[in-house]
Amino acid sequence: MSHRDMSHHGVYQQLARGQARPWALAALSGTGIRAVRHPLGFVCLPLERDGGEGVCLHLWSPRFTHAESTTSGIHCHSWDLLSHVLYGQVRNVHAVVTDAVRDPTHRVFEVVSAADGDRITPTRRTVRQETGLVEEFGPGDTYTLAAGRFHSSVVPAGGEAATIALGTGRPGSRDLSLGPLGTGDHHVSRQPLDDEETALAVRLIAAHLS
Numbered sequence: 002m003s004h005r006d007m008s009h010h011g012v013y014q015q016l017a018r019g020q021a022r023p024w025a026l027a028a029l030s031g032t033g034i035r036a037v038r039h040p041l042g043f044v045c046l047p048l049e050r051d052g053g054e055g056v057c058l059h060l061w062s063p064r065f066t067h068a069e070s071t072t073s074g075i076h077c078h079s080w081d082l083l084s085h086v087l088y089g090q091v092r093n094v095h096a097v098v099t100d101a102v103r104d105p106t107h108r109v110f111e112v113v114s115a116a117d118g119d120r121i122t123p124t125r126r127t128v129r130q131e132t133g134l135v136e137e138f139g140p141g142d143t144y145t146l147a148a149g150r151f152h153s154s155v156v157p158a159g160g161e162a163a164t165i166a167l168g169t170g171r172p173g174s175r176d177l178s179l180g181p182l183g184t185g186d187h188h189v190s191r192q193p194l195d196d197e198e199t200a201l202a203v204r205l206i207a208a209h210l211s
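The following block contains the structure:
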């Protein structure tokens, strides 16, 4: 697969042509993929990163030990998200977040990611959080989410799912997460999968798509 096909624009073209499954299979056949356990509960297979744009495959499977979040699964991105479901069921759960000084339920944390992991810093902002719109998506569905919108991605317990995730950075936006009111500043290391686990992740996705 050429770099052009792996690029943000190339993936958009393949999605528009209904070629998501063959594109993903071709991407998985490439070399150098190293999956990581993401603190939001899935396995991330990064495929391309070019400035503020990125392309990844996300895999939810009970076959893998999950990384535990130190805040919560409710977060917002500094980038616009386009997610295409390859297989399985994924719920995009919108969160209604209201600033609150009295009786807040959560604190807002800023998440700054680097090669060695995530620096998670509490802000002075406290909020109340309630569940908003719940969208359900299945194989072949595509959905988008603007930067700065709090949400969580949920897969049914014990379920398997995989998505193509495209991110387009939005200048001035920050990665944020909701967490316990008293949690302090801390660093979370990303957990890379070893070669055997990475190969298993590739085989699981490929088996569903073949």
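The numbering of the sequence shown is this note's numbering, which starts it at 2 and goes up by one.
In this text, a Cβ means the ideal position worked out from N, Cα and C, and glycines have one as well.
On a predicted model such as this, the values are computed, not experimentally measured, just so you know.
Discussion item. According to DSSP, simplified to helix, strand and coil, what is R5?
Written reply: Indexing the sequence shown from 1 puts residue 5 at position 4. The predicted position of R5 is uncertain, since its pLDDT is 45 and thus under 50; a value taken from the coordinates is nonetheless stated next. Three-state DSSP puts R5 in a helix.
Worksheet item: Which residues mark the beginning and the end of the beta strand (DSSP E) in which T199 is found?
Response: Taking the first residue of the sequence shown as position 1, residue 199 is located at position 198. Element bounds for T199: not the beta strand (DSSP E) but the alpha helix (DSSP H), D196 to L210.
Worksheet item: Would you call the region 109–119 and the region 187–194 in contact, with 3 or more CB pairs under 8 Å?
Response: yes
Worksheet item: Where does A96 fall in DSSP's three states?
Response: Numbered from 1 along the sequence shown, position 95 holds the residue referred to as residue 96. The answer is strand: DSSP assigns A96 an E or B state.
Worksheet entry | Cβ shell of D176 (< 8 Å), same chain only, five flanking positions each side left out | Your numbering for residue 176 matches position 175 in the sequence shown. Excluding residues within five positions, the ones whose Cβ falls inside 8 Å are H76, C77, H78, S79, E111, V112, V113 and S114.
Item to complete: Kindly confirm or deny that the region 166–175 and the region 52–62 touch, where touching means at least three C-beta pairs closer than 8 Å.
Response: yes
Fill in: As assigned by DSSP and simplified to three states, the class of V158
As a working mapping, residue 158 is identified with position 157 in the sequence shown. In the sequence under discussion, the amino acid at residue 158 is Ala, which differs from the Val named in the question. Looking at A158 - three-state DSSP - the assignment turns out to be coil, as it is neither helix nor strand.
Worksheet item: Nearest to S84 by CA position, among I121, V203, L29 and Y144, is which residue?
Response: Sequence index remark: in the sequence shown, residue 84 carries index 83 (1-based). Considering only alpha carbons, the answer is Y144.
Worksheet item: When the Cα atoms are used, what is the spatial distance from T127 to V94?
Response: Within the sequence shown, numbered from 1, the residue matching residue 127 stands at position 126. Within the sequence shown, numbered from 1, the residue matching residue 94 stands at position 93. Straight-line Cα distance between these residues: approximately 20 Å.
Fill in: Strand pairing of S114, partner residues [DSSP]
Taking the first residue of the sequence shown as 1, we reach residue 114 at position 113. S114 is bridged to D119.
Worksheet item: Excluding the five sequence neighbours on either side, which residues of its own chain have a C-beta within less than 6 Å of the C-beta of P63, listed in chain order?
Response: Within the sequence shown, numbered from 1, the residue matching residue 63 stands at position 62. Hits under 6 Å: G159.
Worksheet entry | CB of V155 within 8 Å of CB of R92, strictly | Position 154 of the sequence shown, counted from the first residue, corresponds to residue 155. Position 91 of the sequence shown, counted from the first residue, corresponds to residue 92. Against a cut-off of 8 Å, the Cβ pair of R92 and V155 comes out as a contact.
Worksheet entry | Delimiting residues of the beta strand (DSSP E) encompassing L26 | Stepping through the sequence shown from its first residue, residue 26 is reached at position 25. Segment A21 to L29 is the alpha helix (DSSP H) holding L26; no beta strand (DSSP E) there.
Item to complete: Take A200 as the anchor and find which of T71, V44, Q90 and Q15 has the nearest alpha-carbon.
Response: In the sequence shown, the residue the question calls residue 200 occupies position 199. A200 has its Cα closest to that of V44, out of T71, V44, Q90 and Q15.
Worksheet item: Cα-Cα, which of P40, G89 and V86 is closest to A68?
Response: One-based indexing of the sequence shown puts residue 68 at position 67. Answer by Cα proximity: P40.
Discussion item. Which residue marks the beginning of the beta strand (DSSP E) containing V102, and which one marks its end?
Written reply: For the purposes of this step, residue 102 is taken as residue 101 along the sequence shown, with counting starting at 1. Where V102 is concerned, there is no enclosing beta strand (DSSP E), given that its DSSP letter is neither H nor E.
Practice prompt. Could you tell me how far apart the beta carbons of F151 and V86 are, in whole angstroms, since I believe they sit closer than 8 Å?
Written response: For the purposes of this step, residue 151 is identified with residue 150 of the sequence shown, where counting begins at 1. For the purposes of this step, residue 86 is identified with residue 85 of the sequence shown, where counting begins at 1. About 21 Å; that fails the 8 Å criterion.
Worksheet item: Looking only at its own chain, which residues have a Cβ that is under 6 Å from the Cβ of H209, when we skip the five neighbours before and after it?
Response: Working through the sequence shown from its first residue, we reach residue 209 at position 208. Cβ within range, chain order: Y88.
Practice prompt. Quick one: using the 10 Å Cβ neighbour count with 16 as the cut-off for buried, is S30 buried or exposed?
Written response: Position 29 of the sequence shown, counted from the first residue, corresponds to residue 30. By the 10 Å Cβ count, S30 comes out exposed.
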